[in-house]
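**Student:** Pasting a structure here, questions to come.
There are 2 protein chains.
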Amino acid sequence: MTSYKQKHIDISKITSALLSTTITVNGWVRSLRIQATVAFIELHDGSTSKTIQLITEDLSIIEKLKVLCIGSSLSILGEVVKHPTKEDQVEIKIKEILYLGKIHDPLTYILNAKKTSLETLRDHMDVRVKTRTFTAVFRIRAALSKATHDFWHNLGFHHLNPNIITTGDCEGGGEVFTLTTLLNNDKGDIPTLDKTDIVDYSKDFFQKQAFLTVSSQLQLELLCAGLGKVWTSNKSFRSEKSKTNRHLAEFEHIEWEVAWATLDDLMDQSEMYTQFCFNYILTNHMDDLEELNKFTSKGIIEKLQSFVSKPYKRITYNDVLLIITEKQNDIKSIYKLVELPKWGDDLGSECEKYIAEVVFKQPVFVYNYPKDLKSFYMKHNEDGKTVQGCDLLVPGLGELIGSSVREEDYDKIMAVVAQRKMDVSSLKWYLEMRRNGSTPTAGAGLGFDRLVRICTGIENIRDAVPFPVAYQECAY
Amino acid sequence: MTSYKQKHIDISKITSALLSTTITVNGWVRSLRIQATVAFIELHDGSTSKTIQLITEDLSIIEKLKVLCIGSSLSILGEVVKHPTKEDQVEIKIKEILYLGKIHDPLTYILNAKKTSLETLRDHMDVRVKTRTFTAVFRIRAALSKATHDFWHNLGFHHLNPNIITTGDCEGGGEVFTLTTLLNNDKGDIPTLDKTDIVDYSKDFFQKQAFLTVSSQLQLELLCAGLGKVWTSNKSFRSEKSKTNRHLAEFEHIEWEVAWATLDDLMDQSEMYTQFCFNYILTNHMDDLEELNKFTSKGIIEKLQSFVSKPYKRITYNDVLLIITEKQNDIKSIYKLVELPKWGDDLGSECEKYIAEVVFKQPVFVYNYPKDLKSFYMKHNEDGKTVQGCDLLVPGLGELIGSSVREEDYDKIMAVVAQRKMDVSSLKWYLEMRRNGSTPTAGAGLGFDRLVRICTGIENIRDAVPFPVAYQECAY
């Protein structure tokens, strides 16, 4: 008996070289037309954005195919024949149905498949992953992962993922998730509270309060001071209560750290890495880009081509402020702003947008930020006012990469820590590394999900991610 | 002024082609000999397991070098000259010191560097990452990551990482971490308890109880039913209160899922993947293996060579039990066991060891396990007693891979769920995928940290991981 289990051929590999042979093809129905004496089915299988046309004029097979919906899974045995109209293509004449996935609830299922708003699809993950848009987005996402590994490997970087569970808090912010085993027991085994009403973490799994990491940077700095060049693709987490298009509670974080590097090195690496990714997708996934270019993301191909056409602009924070002052009327009218940032302020998303989209119309590095805006570990410039930190702003997105040279001098770090009144008791291991034989390092972090947004033109970050997790959103 | 910031050359790229040129070299002191009129330093920089020898006879430079310890960071400008005794090697004659990392506490630091027990080093992460053993282990770990990405990419698999924060619990076990923002506030903002003393998760970040994932498998099954072949390198988490050499609370989990595949396909893929990795390390990291082969892991090279020399053994659970019965006296005496597993029992780590190490002396697939030993999603065999599940047992390690064909029939899944009295309310999204247009899929999971142990010969899994997190152990 023939079965779907026999070796099948990926749709990406079906060419006219197979003409007249009998093959097994497996996949999902993208569209179908079933008439009295003939049936046509477009089948996709994930291996390519292309589909293959199946046809049959066999009445008993047509009868069986009548239960098919868009999205039904199907395995058939068939003969490769010439496409009747398209010279260079082939189609498959069905000989036998090997498997046909039962639809228990056709009405609901078809309805879901037809409701194609990206937002609606998020509530029907099983339908979502079979659509034209999402198969293209996820193929591009996976390709960006491969491009990322190839790029850093070729530059001699070691891929290592530090701990996600941490007892420190890298950025010193409060937006963290606590993790605990004190609450798991549904028999009412609730946390023991001490007399000041604080949870007693000494009884918890790690004997102290543990969090999900917000960044692997400090761990990478330590690994860097022994391996020279390291990077991670760890997830990072923020318990920010925001419901924007740009933020997730869980995100894929590409971070790298290099010993003996300068801010210019970081900008070079950031530019090389992102342009390598854009070129990789333009070269290897034009089919998927063309699919997205049709409806969801018009103009995506031109945009990516423009990003690789020239070097990115590099400009200091000071010079950005001069531009903002000069163009203040323009900015205020475009974004309906009353007040613009002064020296020492955060630029804000509107001004960042203006600089990248209106002024330069390309990705822009802004560097040498005021020291009080940035973290304790950043190296100060000689002006005493700014730090060797840099953000990469991308048109249509905003900040993609944040980077900095780290302060390697233990005494200078401790001076900033004291001035900021920081509690660094959980950073002992890190400070020890800076205290003895400290190595100058520099590094950067990129939001991978944002990179996927750029390369697919997807508006909402939830649609760039296989299973998005955000404030009040986690159903799986 | 010369500075360490000028372009330097990786030690892996210093060859006799550079003879007589002046270069910048950066790195860390592996060993040193400082005499009255001459100083020798072996420097490493992470790019290779090899070191480069620096020498100087300049008295003013020697004076400055006197503060160096093993592990000190150092940047120098120097001339590439012939090695006095080794024909094919070069060394560097120091012209100028560009950077020398200050050791605030030389006495402690040297002591740490000399206490080379792997266990002691875990308390001194900054020293650990500079040692011969750990630079080799971490380079091999990073290489395994690259090999993994190359392998699955070449087979047409899409790399996608599902959610780590989950509201489901894949395996139905209780060993999970709860994550919450109810406990973050150190002002005593403690959880609200309802009248039955259960924490009110409707007030939490996700409006329900959320966990760290124990496996991405169910999410991969859904992605697979639209993309055909998918894999992840997500971390998984277990809150198991064990302190063994083999278990971590956070581990890197390579999981893959294929549509339309059989148990034989899974065994083929598991064998191809692991042998690809072993060959990759044997081909690209012989230097690092030789380093480990000297002290930490004697015999590691031979072991890896034997694992790629022939196909792995494949044997059913039933046949394993026959062997156990036949060899019962031998097993009882080796492992001091009173009772051996009967049909229906878990094999136990001793019998697994016996099968892989004593009987077959190579990696062994054991398949067709009794259904009650395995999870609800596994496909039953026609005998009504066993499932299409398989474990790969490796000599010196135990279980490396667990895999199975998934039950695709919604009604059969629900029958098992009912029989086991499982609460599947959090798996709605998954069951929906099985209810409508279900696709046959099969998949596997491999503990990446265990793969690193095999490829490095490292005994304790904590030493195969950059920052190990385990029960009562998380200091960073």
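These protein sequences, in sequence, are chains G and D. Numbering-wise (numbering that gives the first Met the number 0), the first sequence opens with residue 0 and increments by one. Numbering-wise (numbering that gives the first Met the number 0), the second sequence opens with residue 0 and increments by one. All C-beta atoms in this analysis are idealised placements derived from N, C-alpha and C, irrespective of residue type, glycine included.
1) With three or more beta-carbon pairs closer than 8 Å as the criterion, would you say the stretch 460 to 472 of chain D touches the stretch 275 to 292 of chain D?
2) Using 8 Å as the cut-off, can you tell me whether the stretch 245 to 253 of chain D makes contact with the stretch 200 to 207 of chain D, which would need three or more C-beta pairs spanning the two stretches below that distance?
3) Counting only Cβ pairs nearer than 7 Å, list the residues of chain D close to residue 366 (chain G).
4) Tell me whether residue 421 (chain D) sits in a helix, a strand or coil according to DSSP, three-state version.
5) Compare the Cα-Cα distances from residue 92 (chain D) to each of D:115, D:130, D:41 and D:129 and report the closest residue.
6) Excluding the five sequence neighbours on either side, which residues of its own chain have a C-beta within less than 6 Å of the C-beta of residue 402 (chain D), listed in chain order?
7) According to DSSP, is residue 17 (chain D) part of a helix, a strand, or is it coil?
8) Fully enclosed by the stretch 326 to 392 of chain G, which alpha helix (DSSP H) runs are 4 residues long or longer?
9) So, residue 201 (chain G) versus residue 214 (chain G), is the Cβ gap smaller than 8 Å?
10) Is the number of C-beta pairs between the stretch 224 to 242 of chain G and the stretch 429 to 441 of chain G that are closer than 8 Å three or more?
11) Starting from residue 313 (chain G) and walking both ways along the alpha helix (DSSP H), at which residues does that stretch end?
12) Since residue 270 (chain G) sits in a beta bridge, which residues does DSSP pair it with?
13) Does residue 350 (chain D) get closer than 8 Å to chain G when you measure Cβ to Cβ?
14) Between the alpha carbons of residue 187 (chain D) and residue 198 (chain G), how many angstroms are there, rounded?
15) Looking only at C-alpha atoms, which of D:473, D:457, D:432 and D:240 sits nearest to residue 125 (chain G)?
16) Please report the straight-line C-alpha distance between residue 270 (chain D) and residue 23 (chain D), rounded to a whole angstrom.
17) Do residue 277 (chain D) and residue 157 (chain G) have their CB atoms nearer than 8 Å?
18) By the three-class DSSP mapping on this structure, what secondary structure does residue 3 (chain G) have?
19) Tell me whether the beta-carbon of residue 50 (chain G) lies closer than 8 Å to the beta-carbon of residue 32 (chain G).
20) Do you know whose CA, among D:84, D:72 and D:370, lies nearest residue 415 (chain D)'s CA?
21) Count the CB pairs spanning the stretch 141 to 152 of chain G and the stretch 141 to 157 of chain D that are closer than 8 Å, and state whether there are at least three.
22) Show which residues of chain G have a CB atom less than 7 Å away from the CB atom of residue 227 (chain D).
23) If you run the structure through DSSP and keep just helix, strand and coil, what is residue 225 (chain D)?
24) Tell me, which residues are paired with residue 231 (chain G) by DSSP?
25) In the stretch 263 to 281 of chain G, which residues sit with their C-beta less than 7 Å from some C-beta in chain D, listed in chain order?
26) By how many angstroms is the C-alpha of residue 115 (chain D) removed from the C-alpha of residue 13 (chain D)?
27) Using C-beta distances below 6 Å, list every residue in its chain close to residue 129 (chain D), excluding the 5 sequence neighbours before and after it, in chain order.
28) Could you tell me which residues DSSP puts in a beta bridge with residue 165 (chain D)?
29) Strictly by DSSP, which residues pair up with residue 52 (chain G)?
30) Once DSSP output is grouped into helix, strand and coil, what is the label at residue 293 (chain D)?
31) With a threshold of 8 Å between beta carbons, is residue 285 (chain G) in contact with chain D?
32) Is residue 457 (chain D) helix, strand or coil by DSSP?
33) Count the other CB atoms, across all protein chains shown, that sit within 10 Å of the CB of residue 298 (chain D); report buried if there are 16 or more and exposed otherwise.
34) By Cβ distance, which residues of its chain are closer than 8 Å to residue 555 (chain D), with the 5 residues on each side in sequence left out?
35) Leaving out five residues before and five after residue 348 (chain G) in sequence, what residues of the same chain have Cβ atoms less than 6 Å from its Cβ?
36) In whole angstroms, what separates the C-alpha of residue 338 (chain G) from that of residue 407 (chain G)?
**Tutor:** Once the coordinates are examined:
1) no
2) no
3) The residue labelled residue 366 (chain G) in the question sits at position 367 within the first sequence. Result: empty, since nearest Cβ-Cβ is about 16 Å, beyond 7 Å.
4) Numbered from its first residue, the second sequence carries residue 421 (chain D) at position 422. Residue state, collapsed to three classes: coil.
5) In the second sequence, residue 92 (chain D) corresponds to position 93, counting from 1. The shortest C-alpha separation from residue 92 (chain D) is found at D:41.
6) In the second sequence, counting from the first residue as 1, residue 402 (chain D) sits at position 403. Same-chain partners within the cutoff: 265, 389 and 443.
7) On the second sequence, position 18 is the one that residue 17 (chain D) refers to. Note: residue 17 (chain D) maps to helix in three-state DSSP.
8) 327 to 334 and 347 to 352
9) By 1-based counting over the first sequence, the position of residue 201 (chain G) is 202. By 1-based counting over the first sequence, the position of residue 214 (chain G) is 215. It is not a contact, given that the beta carbons lie outside the stated cut-off.
10) yes
11) Taking the first residue of the first sequence as 1, we reach residue 313 (chain G) at position 314. From DSSP, residue 313 (chain G) is part of no alpha helix (DSSP H) but of the beta strand (DSSP E) over 312 to 315.
12) For the purposes of this step, residue 270 (chain G) is identified with residue 271 of the first sequence, where counting begins at 1. Residue 270 (chain G) pairs with nothing; no bridge assigned.
13) The count along the second sequence starts at 1 and reaches residue 350 (chain D) at position 351. It does not: the Cβ of residue 350 (chain D) has no partner Cβ on chain G nearer than 8 Å.
14) If you number the second sequence from 1, residue 187 (chain D) lands on position 188. If you number the first sequence from 1, residue 198 (chain G) lands on position 199. Residue placement at residue 187 (chain D) cannot be trusted, given a pLDDT of 47 that sits under 50; the coordinates are not used to answer.
15) Counting from one through the first sequence, the residue named residue 125 (chain G) turns up at place 126. That would be D:432, whose Cα lies nearest to the Cα of residue 125 (chain G).
16) Counted from its first residue, the second sequence places residue 270 (chain D) at position 271. Counted from its first residue, the second sequence places residue 23 (chain D) at position 24. Taking the straight line from one Cα to the other gives about 45 Å.
17) Counting from 1 along the second sequence, the entry for residue 277 (chain D) is found at position 278. Counting from 1 along the first sequence, the entry for residue 157 (chain G) is found at position 158. No.
18) Locating residue 3 (chain G) in the first sequence gives position 4, counting from the first residue. Correct three-state label for residue 3 (chain G): coil.
19) Reading the first sequence from its first residue, position 51 is the one you call residue 50 (chain G). Reading the first sequence from its first residue, position 33 is the one you call residue 32 (chain G). No, they are not a contact pair.
20) Indexing the second sequence from 1 puts residue 415 (chain D) at position 416. It is D:370.
21) yes
22) As a working note, residue 227 (chain D) is residue 228 in the second sequence. What residue 227 (chain D) touches in chain G: 44, 45 and 46.
23) Taking the first residue of the second sequence as 1, we reach residue 225 (chain D) at position 226. Helix at residue 225 (chain D).
24) For the purposes of this step, residue 231 (chain G) is taken as the residue at position 232 of the first sequence. In DSSP, residue 231 (chain G) forms a bridge with G:254.
25) none
26) Sequence index remark: in the second sequence, residue 13 (chain D) carries index 14 (1-based). Sequence index remark: in the second sequence, residue 115 (chain D) carries index 116 (1-based). Approximately 29 Å between the Cα atoms of the pair.
27) On the second sequence, residue 129 (chain D) is found 130 positions in, with the first residue counted as 1. Here the set comprises 27 and 70.
28) One-based indexing of the second sequence puts residue 165 (chain D) at position 166. Note: residue 165 (chain D) sits in a beta bridge opposite D:210.
29) Stepping through the first sequence from its first residue, residue 52 (chain G) is reached at position 53. Per DSSP, G:41.
30) Along the second sequence, one-based indexing puts residue 293 (chain D) at 294. Of the three classes helix, strand and coil, the one that applies to residue 293 (chain D) here is helix, per DSSP.
31) Along the first sequence, read from residue 1 onward, the residue named residue 285 (chain G) stands at position 286. Output row for residue 285 (chain G): interface = no.
32) Against the second sequence, residue 457 (chain D) aligns to sequence position 458. Coil.
33) By 1-based counting over the second sequence, the position of residue 298 (chain D) is 299. Residue 298 (chain D) comes out exposed.
34) Residue numbering for chain D in the displayed model covers 0 to 475; residue 555 (chain D) lies beyond these limits and cannot be assessed.
35) Taking the first sequence and counting its residues from 1, the one referred to as residue 348 (chain G) is at position 349. Cβ within range, chain order: 397.
36) The residue you call residue 338 (chain G) lines up with position 339 of the first sequence. The residue you call residue 407 (chain G) lines up with position 408 of the first sequence. If you take the alpha carbons of residue 338 (chain G) and residue 407 (chain G), they lie about 37 Å apart.
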